[in-house]
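Chemist: Counting from 82, one number per residue, gives the positions in the sequence shown under my numbering. The structure's right below; bear with me while I get my questions together.
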Amino acid sequence: MIEVSNLSKRYRLGSIGATSLREEFTRTWNRLRGVPYPDKTEFWALRDVSFSVQPGAVVGIIGRNGAGKSTLLKILSRITEPTIGSARLRGRVASLLEVGTGFHPELTGRENIYLNGAILGMSRAEVRRKFDEIVAFAEVERFIDTPVKRYSSGMYVRLAFAVAAHLEPEILIIDEVLAVGDAAFQKKCLGRMHTVAEQHGRTVLFVSHNLGAVRSLCTNCLWLESGTLRQQGPTDAVVNDYYKAGSLAPASLNIALEPRLGHHGEQLRITALTLNRNQPILHGEPFSFAIDFEARSACEEVSFGLGLANLDGTRLMSMDSDLTTPRFTLKAGQRGRVECTLDRLLIQPGLYLVDLGARSGDFNGLDYLSGIMRLEVLPGPSTPSTLIRDSGHVRYPGGWSIASA
82 MIEVSNLSKR YRLGSIGATS LREEFTRTWN RLRGVPYPDK TEFWALRDVS
132 FSVQPGAVVG IIGRNGAGKS TLLKILSRIT EPTIGSARLR GRVASLLEVG
182 TGFHPELTGR ENIYLNGAIL GMSRAEVRRK FDEIVAFAEV ERFIDTPVKR
232 YSSGMYVRLA FAVAAHLEPE ILIIDEVLAV GDAAFQKKCL GRMHTVAEQH
282 GRTVLFVSHN LGAVRSLCTN CLWLESGTLR QQGPTDAVVN DYYKAGSLAP
332 ASLNIALEPR LGHHGEQLRI TALTLNRNQP ILHGEPFSFA IDFEARSACE
382 EVSFGLGLAN LDGTRLMSMD SDLTTPRFTL KAGQRGRVEC TLDRLLIQPG
432 LYLVDLGARS GDFNGLDYLS GIMRLEVLPG PSTPSTLIRD SGHVRYPGGW
482 SIASA
């Protein structure tokens, strides 16, 4: 059980105290009169944050850099004290916040495992029962009797996570330190966190910028913004609102006045593009776009197309209207809109450039705009953790089977 009430944390920047006798006198005089004195050296990392977490819950904490996520976890882990408010945690707490914390660098991996167990209040016999499982999970069997100061950052994180996740804490607090590990170990860590919560009924707090991992692992979510708790609730709802508020959803683009090359745009001009009805574009989810146009003269056998390219300009996929729909005949002065919908967008999460065009017949280009805007594909509910990055740009599902040779 975690109960956080009116939590605030203030840091002082630069010099501490008054810089002159006059400033000290002014500060004291204002305080006696009840007048607040502005202090430019103060920074509030958290402001009046309150929430509760029930036993066995898996809660994600999201927000941009500087939102207060790490400060909150440090307070919950008893690394730092709040300036105002309180945080009550019932049960043993294990935390993995950043590389370099939690272990004594001069001690071996074996000694640090027992040290961490003692800190959690476990006996040596209890730790001994878990020892082999911890070492196997961390994949450091050959180096278990080596001082951890000689470990690579990946080895260090593997052992630190294994210790935190296997020594039976009631509350497990994980910051986005897993990014240091390799893909296979990251996947194993996410699976272990799920097991800790589902099978052992432990409480997990998970901070991550990987919203796909947060969606797949967490049932509820906290959204911190500028040190305040902006929203809490079911993960999908909070993450969707976070996308929208962060202007990650693409807006409609008016391109009527964009400059063209050559004769493009003279007979037919594309005037606007709307992606996904201005909603976030999610991997594995339906995707749509609409192209507004104006025919400045009569045009025969017209088709429209949209392409996606990587940031180097290499075309990755194209969607052309004449592959599924007869070509259009347009009258001079005719304005309209063509729309396209995909059942699932299978391109990988990431940033892409949008190419847009219209042609008459097979080769007569009527209008063309290259790299007219950036499109961001975000992890969707069905996206495996994007900490596990596959090669390539398209993730295409298929039915797999195995047969004996």
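The beta-carbon is built from N, C-alpha and C at its ideal position, and this holds for glycine as well. Note that the structure is predicted; figures quoted are calculated from it, not measured.
1. Helix, strand or coil for residue 234? Go by DSSP, reduced to three states.
2. Tell me whether residue 399 is buried or exposed, calling it buried when 16 or more other Cβ atoms sit within 10 Å of its Cβ.
3. Could you please give me the residues that DSSP links to residue 270 through a beta bridge?
4. For residue 477, which residues in the same chain have their Cβ closer than 8 Å to its Cβ, ignoring the five residues on either side in sequence?
5. Given residue 28, which residues of its chain have a CB within under 6 Å of its CB, disregarding the five upstream and five downstream residues?
6. Look at the alpha carbon of residue 433 and the alpha carbon of residue 298, and state the distance between them as a whole number of angstroms.
7. Note down, in chain order, each residue of its chain lying with its Cβ closer than 6 Å to the Cβ of residue 420, except the 5 sequence neighbours on either side.
8. For residue 251 and residue 90, I'd like the C-alpha separation in whole angstroms.
9. If I follow the unbroken alpha helix (DSSP H) through residue 359, where does it start and stop?
10. Apply the 10 Å Cβ neighbour rule to residue 186 and answer buried if 16 or more other Cβ atoms are within range, or exposed otherwise.
11. Let me confirm a value: residue 144 is counted as buried when at least 16 other C-beta atoms fall within 10 Å, else exposed. Which label applies?
12. Examine the Cβ distances between the region 187-206 and the region 147-159 and report whether three or more of them are shorter than 8 Å.
13. I believe residue 139 touches residue 287 by the beta-carbon criterion, under 8 Å. Please report the beta-carbon distance rounded to the nearest angstrom.
14. What are the boundary residues of the alpha helix (DSSP H) that includes residue 416?
15. Can you look up residue 150 in the DSSP assignment and give me helix, strand or coil?
16. Quick check: what's the CA-CA separation for residue 445 versus residue 267?
17. How would you call residue 234, buried or exposed, if buried means at least 16 neighbouring beta carbons within 10 angstroms?
18. Could you check which residue in 274, 238, 125, 479 has the C-alpha nearest to that of residue 141?
19. With DSSP collapsed to three states, give me the class of residue 211.
20. Just curious, the beta strand (DSSP E) that residue 381 is in, first and last residue?
21. Would the region 150-170 and the region 205-220 be scored as touching if the rule is three or more Cβ pairs under 8 Å?
22. Near residue 177, which residues of its chain fall below 6 Å by C-beta distance, leaving aside the five closest residues on each side in sequence?
23. Got a sec, what are the start and stop residues for the alpha helix (DSSP H) residue 297 sits in?
24. My guess is that residue 362 and residue 351 are in contact by the Cβ rule of under 8 Å, so how many angstroms apart are they, rounded?
25. Secondary structure at residue 477, three-state DSSP: helix, strand or coil?
26. Between the Cα of residue 453 and the Cα atoms of 228, 339, 358, which residue gives the shortest distance?
27. Is it right to say residue 278 is buried, meaning 16 or more other beta carbons lie within 10 angstroms of its own, or is it exposed?
28. Let's test the definition: count the other Cβ atoms within 10 Å of the Cβ of residue 123 and tell me whether it reaches 16, buried, or not, exposed.
29. Does DSSP classify residue 438 as helix, strand or coil?
Modeler: So, from the data block:
1. DSSP places residue 234 in helix when its eight states are reduced to three.
2. Its Cβ having fewer than 16 others within 10 Å, residue 399 is exposed.
3. Per DSSP, residue 270 has no beta bridge partner at all.
4. Hits under 8 Å: 427.
5. A question about residue 28 goes unanswered here, because the residues of the chain that appear run from 82 up to 486.
6. Their Cα atoms are separated by approximately 27 Å.
7. Around residue 420, the same chain offers 371 as residues with beta carbons nearer than 6 Å, after the five sequence neighbours per side are excluded.
8. Cα to Cα, residue 251 sits roughly 25 Å from residue 90.
9. Note, residue 359: premise wrong, no alpha helix (DSSP H); not H, not E.
10. Residue burial annotation: residue 186 is exposed, with fewer than 16 other C-beta atoms found within 10 angstroms of its C-beta.
11. With 16 or more other Cβ atoms from the protein chains shown falling within 10 Å of its own Cβ, residue 144 counts as buried.
12. By the C-beta criterion, the region 187-206 is judged not to be in contact with the region 147-159, since fewer than 3 inter-stretch pairs fall below 8 Å.
13. Taking 8 Å as the upper bound for CB-CB distance, residue 139 and residue 287 are in contact here, some 7 Å apart.
14. Where residue 416 is concerned, there is no enclosing alpha helix (DSSP H), although the beta strand (DSSP E) it sits in stretches over 416-423.
15. If DSSP states are grouped into helix, strand and coil, residue 150 belongs with the helices.
16. Cα atoms of residue 445 and residue 267: separation of roughly 50 Å, rounded to the nearest angstrom.
17. Classification of residue 234: exposed, given that the 10 Å Cβ count is below 16.
18. It is 274 whose Cα lies nearest to the Cα of residue 141.
19. Of the three classes helix, strand and coil, the one that applies to residue 211 here is helix, per DSSP.
20. 380-390 is the span of the beta strand (DSSP E), which, as asked, contains residue 381.
21. Counting Cβ pairs under 8 Å, fewer than three are found: no touch.
22. These residues qualify, in order along the chain: 241, 242, 245, 255, 258.
23. Run containing residue 297: 292-298, per the alpha helix (DSSP H) assignment.
24. Contact doesn't hold; Cβ gap of about 20 Å is too wide.
25. Note: residue 477 maps to coil in three-state DSSP.
26. With distances taken between Cα atoms, residue 453 lies closest to 339.
27. By the 10 Å Cβ count, residue 278 comes out buried.
28. Its Cβ having fewer than 16 others within 10 Å, residue 123 is exposed.
29. Here residue 438 sits in strand by DSSP.
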